[in-house]
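Mind the numbering: the sequence shown is residues -21 to -1, 1 to 592 in mature numbering (1 follows the signal peptide of the UniProt record, and there is no 0), read in order. Idealized CB from N, CA, C, for every residue including glycine.
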Amino acid sequence: MGFRRVWTGALLIAASLSACGGASDTPRGEMEARRAALQQAIADDPGAIAERVALARVAIALGDGVGAEAAVKGAIEAGANDAALRPLLARAFELQGDGARALAALEAGPVIPEMLGEAAWVAGDVHLANGDLAAAREAYDRAVHELPRSSALWVDVARFRDASADMRGARDAVDYAIELDAANSAALAYKANLVRRAEGLTAALAWYDRALAADPGNAAALIDQAATLGDLGRYRDMLTALRRAAVLVPREPRIHYLQAVLAARAANYRLARSLLQRTRGALDSEPGFMLLSAVVELELGGEAVAASWAERLLAEQPHNFAARRLLAAAEWAGGDAEAALAALRPLVARPDADSWSLLLAARAAAEQGRDIESAGYQARAATLDRGEAVPFAVDADYGLLTMAADAAPLDPATVIPAISADMARGNTARAIERAVRLRDANPGVADAHMLLGDAALAGGRYALAVEAYRAARNLDAGERTTLRLANALYRAGDAAGSGAAIMALRDRQPSSVAADRIAGHLAIELGHWDAAIAHFERVGSRIGDRDAVVLRELARAWAAKGDDARALVLIDRAYRLQPLNAGIMELYAALLERRGKRQAAADLRDKAAQIGR
């Protein structure tokens, strides 16, 4: 092997790989055909360098880190310049999930100037995967400086900005990636993911379609599309997409997970368990996987296993209320009332505790002979009607919090606790001042606008709250922003605007229980009984028939339509769940009286009056 051939190989590497990252804009089918052709060429000429380098590039585009590593090492053994191939080897290690080896490969020696951009790109991806956003930012800045027109690189920059909560920056980056290459399937798929959050599920589908038109073999896009279709309730279409993805990546664990979601929704928990087991531990640390596993095991009678999954999730996400409720349910079903109550205490200690948690806490306390505590939980559950409060914790040392925030006014880690403490102390003007400064420094971050909205709402400055929440919703149109905006509009006296915001959320995210619940209440107030029934029945289909408020509102709507028989069944069930709820008793009494049961109605009204005293 002569010097000329080695140098020619290095030039080919620089020309062909300087814009190569973790994603490719070439359809998967074409890449597979190219890999087969290159493998044949290498078999014909084992000393070929350029073909081995091209093979490494194809393997990277296909996500095959092992194949890329073999191709790179084969090229080096054939005499290629390792300073040119070092970033490529690092990429192969990164694709195998070994970030430490990837960084070590980059630091093992010099890198030719033509490949500096690729080296920085790999480093950025590794740092991003490790959660080191500062190092990732510095690496991506260097990569973009070297490769300013790489569409694939700009997709990873979008991922980085998204991970940094810079939604606006992420949108700009992915839009530029598409501007550079309108057929970049990875860019189009990531755009779909951003649109899903900002504009809703339905709007995202058109972008998934574009991504798959550009590359029908984009398995990641198919899987994300399937998840979106599932959230829209289009389960048949979801299954079709998953089957297509399974042909491309048959061992992909996310496919089994989403199939398990479908099985669980159909109440086929044994199939769901089998599908979850097929992931072979690959997703065990994912919150959604842990939550679904807990649900499935609880439904199949595996209370101890369900509790274990819920505990693991709580160790990662201590404020995951769904996991806490599951843990309580598992402990209760397993006969451990004390553990169930312990699991519920962080929930029932909150002023916005839900009725299910309060009622289970009441039963668990009663089981332990704590009658006064049990009665307190029952009384609180009985007073619940609708709406949620957003509590803010107060640190024991308010002075230390504010001093830390004053010293670092743009550091969210110090400012956010100080804003919460300011609001809890009634110092809303100071909270708003801090939030405005943080918002101005982070205009592309939805949470920064939301924080200002929360402070403004606490201070009664509804116009400012509406403005802030609208800005947040423009960046992230999910439940958390839209529900805040609807609440602010309602408190500002714009009931119509509040209702429009809720219905927009319902249209964008049909799976939203909160949107259906609030839309149902609005329909009740307007006397739109059929709409109210539709909304509350959708809520019931998702959360079960043990929510007393949902049952009461359904009873009210059916009674208004003249179907007292159906209304009585519903209100009786609500009464059994919350026998101390005066609102339920009043409606129950009215329905009984209409059926001629005057004494029973009078008894219920007396009981309601005694509770109200």
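Q. Distance, Cα to Cα, residue 660 vs Y567?
A. Nothing about residue 660 can be reported from this structure: the residues present for the chain run from -21 to 592 only.
Q. Under the rule that 16 or more other beta-carbon atoms within 10 Å means buried, what is E310, buried or exposed?
A. Taking the first residue of the sequence shown as 1, we reach residue 310 at position 331. Here E310 is buried, its C-beta having at least 16 other C-beta atoms within 10 Å.
Q. Just how far apart, CA to CA, sit R304 and A246?
A. Counting from one through the sequence shown, the residue named residue 304 turns up at place 325. Counting from one through the sequence shown, the residue named residue 246 turns up at place 267. If I take the Cα positions, the gap works out to 19 Å.
Q) In chain order, which continuous runs of the alpha helix (DSSP H) of length 4 or greater are located wholly inside the segment 145 to 212? A) You should have 146 to 159, 164 to 178, 180 to 193 and 198 to 210.
Q: Would you kindly work out how many angstroms separate the C-alpha atoms of V153 and A451, rounded to a whole number?
A: The residue you call residue 153 lines up with position 174 of the sequence shown. The residue you call residue 451 lines up with position 472 of the sequence shown. Computed Cα separation, rounded: 20 Å.
Q.
Taking the alpha helix (DSSP H) that H500 belongs to, which residues open and close that run?
A. Translated into positions along the sequence shown, residue 500 becomes position 521. Where H500 is concerned, the enclosing alpha helix (DSSP H) starts and stops at V492 to L505.
**Q.** Run of the alpha helix (DSSP H) containing D263, from where it starts to where it stops
**A.** Within the sequence shown, numbered from 1, the residue matching residue 263 stands at position 284. Neither: D263 is in no alpha helix (DSSP H) and is coded neither H nor E.
Q: Kindly list the residues whose CB is nearer than 7 Å to the CB of D543, restricted to its own chain and excluding five residues on each side of it in sequence; keep chain order.
A: Start at 1 with the first residue of the sequence shown, and residue 543 comes out as number 564. Hits under 7 Å: L570, R573 and R574.
Q) Buried or exposed: which applies to residue 593, given that a residue is buried once 16 or more other Cβ atoms fall within 10 Å of its Cβ? A) The structure shown does not extend to residue 593, since the chain is modelled only from -21 to 592, so the question has no answer here.
**Q.** Where G439 falls: helix, strand or coil (DSSP)
**A.** Looking up residue 439 in the sequence shown gives position 460. If DSSP states are grouped into helix, strand and coil, G439 belongs with coil.
Q) Between the Cα of A510 and the Cα atoms of G523, A242, R496 and R521, which residue gives the shortest distance? A) Position 531 of the sequence shown holds residue 510. Of G523, A242, R496 and R521, the residue nearest in Cα terms is R496.
Q. Taking the alpha helix (DSSP H) that D543 falls in, what are its first and last residues?
A. Position 564 of the sequence shown, counted from the start, is the residue given in the question as residue 543. Per DSSP, D543 belongs to the alpha helix (DSSP H) from D543 to L556.
Q: Determine the direct distance from the alpha carbon of G506 to that of A579, and round the result to whole angstroms.
A: Taking the sequence shown and counting its residues from 1, the one referred to as residue 579 is at position 600. Taking the sequence shown and counting its residues from 1, the one referred to as residue 506 is at position 527. Straight-line Cα distance between these residues: approximately 28 Å.
Q: Determine contact between the segment 433 to 447 and the segment 119 to 132, defined as no fewer than three beta-carbon pairs at a distance below 8 Å.
A: no
Q: Answer with yes or no whether the minimum CB distance from L339 to chain E is below 8 Å.
A: This model lacks chain E altogether, as it is built from one protein chain only.
Q) How many angstroms separate the CA atom of E278 from the CA atom of E178? A) Position 299 of the sequence shown holds residue 278. Position 199 of the sequence shown holds residue 178. For E278 and E178, the distance between alpha carbons rounds to 35 Å.
Q: Indicate the three-state DSSP secondary structure (helix, strand or coil) for S253 in the structure shown.
A: Position 274 of the sequence shown, counting from 1, holds the residue named residue 253. If DSSP states are grouped into helix, strand and coil, S253 belongs with the helices.
Q: Give the DSSP-derived three-state secondary structure of T258 in the structure shown.
A: To locate residue 258, count along the sequence shown from 1; it is residue 279. Coil.
Q. For the segment 79 to 121, which segments carrying the alpha helix (DSSP H) assignment without a break, of at least 4 residues, lie completely within its bounds, in sequence order?
A. 95 to 109
Q. Helix, strand or coil for K576 per DSSP?
A. Taking the sequence shown and counting its residues from 1, one reaches residue 576 at position 597. Correct three-state label for K576: coil.
Q | Beta-carbon separation (whole angstroms), R147 vs A456, contact threshold 8 Å | A | Position 168 of the sequence shown, counted from the start, is the residue given in the question as residue 147. Position 477 of the sequence shown, counted from the start, is the residue given in the question as residue 456. Contact flag wrong, Cβ pair sits at about 13 Å.
Q) Can you name the start and end residues of the alpha helix (DSSP H) that K52 belongs to? A) On the sequence shown, position 73 is the one that residue 52 refers to. It spans G44 to E56 - the alpha helix (DSSP H) in which K52 sits, taken as one unbroken run.
Q: For A322, name the three-state secondary structure that DSSP assigns.
A: In the sequence shown, counting from the first residue as 1, residue 322 sits at position 343. DSSP places A322 in helix when its eight states are reduced to three.
Q. Could you check where the alpha helix (DSSP H) with A536 kicks off and where it finishes?
A. Translated into the one-based positions of the sequence shown, residue 536 becomes position 557. Looking at the DSSP string, the run of the alpha helix (DSSP H) that includes A536 is A527 to A539.
(Q) What does the alpha-carbon distance come out to for the pair S(-4) and D524? (A) The sequence position of residue -4 within the sequence shown is 18, counting from 1. The sequence position of residue 524 within the sequence shown is 545, counting from 1. Because the pLDDT of S(-4) is 40, which lies under 50, any placement of that residue in the model is unreliable, and the number read from its coordinates should be weighed accordingly. Rounded to the nearest angstrom, the two C-alpha atoms are 58 Å apart.
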